[in-house]
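Numbering of the sequence shown is given in numbering that gives the first Met the number 0, commencing with residue 0 and proceeding in unit increments.
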Amino acid sequence: MTRLPTPALALLLLAASAGATAQTPPPAAAAAPAIDASLRAAVADPGRDPAQRARDVYRHPAETLAFFGLRPTDTVIEISPGTGWYSAILAPYLRHHGHYVAASATPAPGRSNGLRAVFAADPARYDRATLLEYDGKAPVLGAPGTADAVLTFRNVHNWVAAGTADAYFRAFFAALKPGGTLGVVDHRAKPGTDLDTMKTSGYLTEALVIDLATRAGFVLEAKSEVNANPRDTADHPNGVWTLPPTNRHDAADAATYKAIGESDRMTLRFRKPARD
């Protein structure tokens, strides 16, 4: 048998390894998840508020929810839905076969949950949705282990600033079924940004959010760049609130910030480990 010289053998093995690598693309090269017809219909619904639909170009709701792996049969808890931007999509999407829960911190005395009036005004969309209120300092999101997915959009920075983020992520873990999904979208800071800057700017590093989730017991399953915005430098004078839709800036700078658009955002999917 002819023996190859050691250098030649090394080159041969290296070429074989490169060929094997070329045949196995990295996860980042995988195709975007399919968007089911009922999700497309919920996003395209002409009954949605036109002002909310105008934000689709920045928030990519169909692609984002498909990345999170939502199914129309799921029980989904949305945390801090605000004025209901995602509620208007999720409630009808889950209305017939799943269950949508809009979970918000209990309002301060003298104030009310604005979603209550929104839901009451449009029963065809929200009649099967549930409003859940919780203690903002010690959240409990209903019966443990009952949700297929917990989603939160542009909220983690508020909890980091308030010092309650760990309590929220523990509540998400408790609410989910084994194998359930946690989907997080938030404003993305540059790697290495210090905590004080994150608290005042509204931008968080991916590393911080991943650490919060893994401390609670989650496993990071995938990242998506669907909500990335390379035009956003994340260093504006009034933090993320300088940009649309808040637009906290001088009138003379309106065109500059409109051209940037909404913030650069991380989109992360975590998994609660299944039982052995």
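Just so it is clear, CB atoms sit at the ideal spot from N, CA and C, and this is done for glycine as well. Please read these numbers as outputs of a predicted model, since none were measured by experiment.
Query                                                                                                                                : Result
Cβ contact check for the region 114-128 and the region 151-166: 3 or more pairs under 8 angstroms                                    : no
With 16 other Cβ atoms within 10 Å as the buried cut-off, status of Asp231                                                           : buried
Boundaries (first-last residue) of the beta strand (DSSP E) holding Glu261                                                           : Neither: Glu261 is in no beta strand (DSSP E) and is coded neither H nor E.
At least three beta-carbon pairs within less than 8 angstroms, the region 175-195 to the region 96-110                               : no
Three CB pairs or more closer than 8 angstroms across the region 42-60 and the region 70-81                                          : no
Top-ranked residue by Cα proximity to Ser37, from Ala90, Arg58 and Arg54                                                             : Ala90
Bridge partner(s) assigned by DSSP for Arg187                                                                                        : Leu203
For Val225, the three-state DSSP class (helix, strand or coil)                                                                       : coil
Close beta carbons around Gly135, own chain, < 6 angstroms, minus the five adjacent residues each side                               : Ala104
Runs of beta strand (DSSP E) wholly within the region 132-192 (minimum 3 residues, chain order)                                      : 146-152 and 175-186
Three-state secondary structure (DSSP) of Ile34                                                                                      : coil
Under 7 angstroms between C-beta atoms of Ser262 and Val239                                                                          : yes
Reduced DSSP secondary structure (H/G/I, E/B, other) of Ser86                                                                        : helix
Burial state of Arg264 (16 or more Cβ within 10 Å)                                                                                   : buried
Cβ contact check for the region 59-73 and the region 124-139: 3 or more pairs under 8 angstroms                                      : no
Counterpart residues of Ile76 in DSSP-defined beta bridges                                                                           : Val100 and Val149
Length of the line joining the Cα atoms of Pro272 and Thr213                                                                         : 11 angstroms
Cα-Cα separation between Pro108 and Ala65, rounded to whole angstroms                                                                : 38 angstroms
Beta-carbon contacts of Phe217 that lie in its chain and below 7 angstroms, excluding the five residues immediately before and after : Phe172, Leu181, Phe269, Arg270 and Lys271
For Asp193 and Tyr92, the rounded distance between their alpha carbons                                                               : 39 angstroms
Cβ neighbours of Ala258 in the same chain (closer than 8 angstroms, five flanking residues each side left out)                       : Arg230
Cβ-Cβ distance between Ser223 and Thr266 below 7 angstroms                                                                           : yes
Cβ-Cβ distance between Ala161 and Tyr202 below 7 angstroms                                                                           : no
Thr266 - partner residues in DSSP beta bridges                                                                                       : Val184 and Ser223
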